[in-house]
Amino acid sequence: MSSSARNNGQSFVSNSVITAIGTYVPARRLTNEDLAGMVDTNDEWIVQRTGIKERRVAEENEFTSDLIAGAVDNLVERYGSELSDVDYIIVATSTPDTIFPSVAATIQARFNIKQCGAIDIQAACAGFTAALQLANGLLLSGLYRKVLVLAADALTKITDYSDRTTCILFGDGAGAVLLELAGNGNGAMLGAYSDTEGDGGRHVYLSNLSASIGDYAIQTSGKLVQNGREVYRWAVSQVSEGVRELLQQCSLQPEDIDWFIPHNANQRIIDALCERVGFREEQALSSIAKYGNTSAASIPLALDDAVRDGRVKAGHTLLLHGFGGGLTQAGVVLRWQLP
Numbered sequence: 048m049s050s051s052a053r054n055n056g057q058s059f060v061s062n063s064v065i066t067a068i069g070t071y072v073p074a075r076r077l078t079n080e081d082l083a084g085m086v087d088t089n090d091e092w093i094v095q096r097t098g099i100k101e102r103r104v105a106e107e108n109e110f111t112s113d114l115i116a117g118a119v120d121n122l123v124e125r126y127g128s129e130l131s132d133v134d135y136i137i138v139a140t141s142t143p144d145t146i147f148p149s150v151a152a153t154i155q156a157r158f159n160i161k162q163c164g165a166i167d168i169q170a171a172c173a174g175f176t177a178a179l180q181l182a183n184g185l186l187l188s189g190l191y192r193k194v195l196v197l198a199a200d201a202l203t204k205i206t207d208y209s210d211r212t213t214c215i216l217f218g219d220g221a222g223a224v225l226l227e228l229a230g231n232g233n234g235a236m237l238g239a240y241s242d243t244e245g246d247g248g249r250h251v252y253l254s255n256l257s258a259s260i261g262d263y264a265i266q267t268s269g270k271l272v273q274n275g276r277e278v279y280r281w282a283v284s285q286v287s288e289g290v291r292e293l294l295q296q297c298s299l300q301p302e303d304i305d306w307f308i309p310h311n312a313n314q315r316i317i318d319a320l321c322e323r324v325g326f327r328e329e330q331a332l333s334s335i336a337k338y339g340n341t342s343a344a345s346i347p348l349a350l351d352d353a354v355r356d357g358r359v360k361a362g363h364t365l366l367l368h369g370f371g372g373g374l375t376q377a378g379v380v381l382r383w384q385l386p
């Protein structure tokens, strides 16, 4: 059952707001031409099927916590944000440096934030929007006032570069936002939606201890495995339905949304979602051409590109919707308040 069903289709208005954003991508570029020298592929084939021209690759000794640290540094540099009073750190990632300690704990130590809770969540490509929902709940509980929401993946470290169907897709990157209580009560988050279809988990996975998902035997290579056809079918049918439900929950139409920011899995999926839901293609923010599929980081990367170049402005209404491994999806509608 989706969260919108449990909420009886009613929207909610919170008093939390994003007060800063930062992003980071590694310096090294992996172009389609580079990949053509590694597997049987070419630039035209990749662009036609995915919209990707290049992606960023972390160095051998550069890990998810390093990517996140770069995004947090960028956030502080641009907005002058104070981190010493952060109450909680939530990291969304599928590629933690270590299973434990958490990446969030590593970041807490790196920035010396005292008396701070720290957790990692794993919702794959829906991680950033799921983390926003959780952070909003912590703030509304009244127990916390400032949450650092971080999303990053170093997918190139778990990509099989002998598999031409997946190695063309993935890149590395990180995003960071501060979510705080709004003192004037003028909240920014207008609604949220979540749904999971665990039976489809076998269609995109990364193995760990078990050699099966339920009754389904899986590969144990330690590399990302994806059935692109099944994921595409699910995304176009079920994620489009989730987006429509989120709009309905907030009593909004597609034309009321200034910017639709879906997970940047594949440009063909983004285009299909726009067509199914009723968004114009120019309403969708995408960074897929420059960064590839960066999983949990894709939404903040696409959002921040548009913040930096002035497309996203204070007062704009945004619909952010992540979807991926699980199979799970999570979306939020928020009113952007940064200049």
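Counting with the numbering used here, you get residues 48 to 386 for the letters of the sequence shown.
Quick reminder that beta carbons are idealized off the backbone N, C-alpha and C, glycines included.
In chain order, what residues of the same chain lie with their CB nearer than 6 angstroms to the CB of residue i, ignoring the 5 residues before and after it?
i      : result
TYR191 : ASP134, TYR135, LEU185
GLN384 : VAL64, ALA235, ALA361
ALA170 : ALA177, THR375
ILE317 : PRO309, ALA331, SER333
TYR126 : ALA67
ARG355 : none
GLY232 : Legend: pLDDT at GLY232 = 49, less than 50; position of this residue unreliable, value from coordinates given subsequently. Excluding positions up to five away in sequence, the list reads ASN62.
ALA118 : GLY69, THR70, TYR71, ALA221, GLY222, ALA223
THR78  : GLU101
ARG323 : SER287
LEU367 : THR176, ILE308, ILE346, VAL379
ASP207 : LYS270
ARG327 : none
ARG249 : ILE260, TYR263
Please classify residue i as buried or exposed, where buried requires at least 16 neighbouring CB atoms within 10 angstroms.
i      : result
TYR338 : buried
ARG276 : exposed
TYR263 : exposed
GLY373 : buried
VAL86  : exposed
THR267 : exposed
SER257 : exposed
ARG25  : Nothing about residue 25 can be read from this structure; the chain reaches only from 48 to 386.
GLU292 : buried
ALA152 : buried
GLY371 : buried
Hey, residue i and residue j are a contact pair by Cβ (cut 8 angstroms); roughly how many whole angstroms apart?
i      : j      : result
TYR240 : GLY378 : 5 angstroms
GLN296 : GLY238 : 5 angstroms
GLY220 : LEU114 : 7 angstroms
SER131 : LEU225 : No, SER131 and LEU225 are not in contact; Cβ-Cβ is about 13 angstroms, not under 8 angstroms.
PHE175 : GLY369 : 6 angstroms
CYS172 : ALA319 : Contact doesn't hold; Cβ gap of about 16 angstroms is too wide.
THR341 : LEU271 : Between LEU271 and THR341 the Cβ distance is about 13 angstroms, and since that is not below 8 angstroms, they are no contact.
GLY218 : LEU197 : With 8 angstroms as the limit, GLY218 and LEU197 do not qualify as a contact, their Cβ atoms being about 17 angstroms apart.
GLY269 : PRO301 : That belief does not hold up - the Cβ atoms of GLY269 and PRO301 are roughly 41 angstroms apart, past 8 angstroms.
ILE335 : ILE93  : That pair is no contact at about 11 angstroms.
VAL359 : LEU350 : 7 angstroms
For residue i, which of helix, strand or coil comes out of DSSP?
i      : result
GLY373 : coil
ALA223 : strand
LEU366 : strand
LYS193 : strand
ASP242 : strand
ALA170 : coil
TRP306 : strand
THR70  : strand
ASN159 : coil
ARG102 : strand
ILE65  : strand
SER342 : helix
GLY232 : Below a pLDDT of 50, predicted positions are generally treated as unreliable, and GLY232, at 49, falls in that range; no measurement from the model is reported.
ALA258 : coil
SER49  : Low confidence applies to SER49: its pLDDT is 42, below 50, so where it sits in the model is not reliable, and the reading given next is rough at best. It is coil, neither helix nor strand.
ARG211 : coil
GLY164 : strand
GLY460 : The chain is shown from 48 up to 386; residue 460 falls before or after that span and cannot be answered.
THR176 : helix
ILE4   : Within the shown structure, residues of the chain are numbered from 48 to 386, placing residue 4 beyond reach of any answer.
VAL60  : Any answer about VAL60 is weak, because its pLDDT of 48 lies below 50 and its placement is not dependable; what the coordinates show is given next. Coil, per DSSP.
ARG355 : helix
ALA199 : strand
VAL94  : helix
ASN55  : Confidence in ASN55 is poor, its pLDDT being 39 and thus under 50, which makes the residue's placement too unreliable to answer from.
GLY378 : strand
GLN330 : helix
ALA319 : helix
ALA312 : coil
Nearest chain D C-beta to residue i closer than 8 angstroms, yes or no?
i      : result
GLU109 : No chain D is part of this structure, which consists of one protein chain only.
Got a sec? Which residues, its chain only, sit under 7 angstroms from residue i by beta carbon, not counting five neighbours each side?
i      : result
GLU422 : Residue 422 lies beyond the residue range present for the chain, which begins at 48 and ends at 386; the question has no answer from this structure.
VAL150 : THR111, SER112, ILE115, VAL138, THR140, PRO143, ASP144, ASP167
LYS193 : ASP132, VAL133, ASP134, LEU225, GLU227
THR88  : LEU82, ARG211, ILE215
Enumerate in chain order the residues of its own chain whose CB-to-CB distance from residue i is below 8 angstroms, with the five nearest sequence positions on each side excluded.
i      : result
HIS363 : ASP305, TRP306, ARG382, TRP383
SER50  : Summary for SER50: the model assigns pLDDT 44, below 50, so the residue's position carries little reliability, and this model does not support an answer.
Quick check: does the Cβ of residue i come within less than 7 angstroms of any heavy atom belonging to the ligand ATP?
i      : result
ASP120 : Questions concerning the ligand ATP fall outside what the structure shown contains, since it holds no ligand whatsoever.
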